[in-house]
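Trainee: Residue numbers (full-length UniProt numbering): 1 to 135.
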Amino acid sequence: MQLENPSTSASELTLLPVMSWMRFAKDLYDGRIKQICILSDLERVKSEAEELRQLHAASTTESEDTRSAKTKKERFDGQSWDSLKASPFYDVLREHKDALPDEIPADLPQDKGIQHEIDLVPGKKYCVTRQWPQP
1 MQLENPSTSA SELTLLPVMS WMRFAKDLYD GRIKQICILS DLERVKSEAE ELRQLHAAST
61 TESEDTRSAK TKKERFDGQS WDSLKASPFY DVLREHKDAL PDEIPADLPQ DKGIQHEIDL
121 VPGKKYCVTR QWPQP
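1) Thinking C-alpha only, which one of 36, 22, 31, 23 is nearest residue 8?
2) In whole angstroms, give me the CA-to-CA distance for residue 46 and residue 52.
3) Considering only residues of the region 19–51, which uninterrupted alpha helix (DSSP H) runs meet the minimum length of 4 residues and lie entirely inside it, listed in chain order?
4) Span of the alpha helix (DSSP H) holding residue 111?
5) Just verifying my parser: in three-state terms, what is the DSSP assignment at residue 199?
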């Protein structure tokens, strides 16, 4: 349906023919729908907007407090060998400590610009790995 001059009164808009959700979704996806009008109760919209505003304010305050409570270094220091002593996996981890880093870095390592290529050869029990500096 195309309207040259869409009506602005609620009574006229509610008399328009109803469209199924499937048809609406298909027309929206195909780009046939150019404009959407949503009818809603003004008081309900205002109260929902206020609830969202309060939720957003609460979550922003919470996340800032959480971030400021512990720095990255403090969080990663909490994962030291001493803090793992109570873990049931402590003995296994100590046994394989040569494969684990001595200190957990607080940030990701700097990119060294090395690309890796792995060739898996069908029928073989090994793979060939090459690395070279990025251009």
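Glycine is no exception: its CB is placed at the ideal position from the N, C-alpha and C atoms.
Since the structure is predicted, the reported quantities are computational estimates derived from the model, not experimental observations.
Mentor: The structure says:
1) Taking only the C-alpha atoms, the option nearest residue 8 is 36.
2) Cα to Cα, residue 46 sits roughly 10 angstroms from residue 52.
3) Unbroken alpha helix (DSSP H) runs of no fewer than 4 residues, entirely contained in the region 19–51, are found at 21–30, following chain order.
4) Where residue 111 is concerned, there is no enclosing alpha helix (DSSP H), given that its DSSP letter is neither H nor E.
5) Since the first residue of the chain shown is 1 and the last is 135, residue 199 is not available in this structure.
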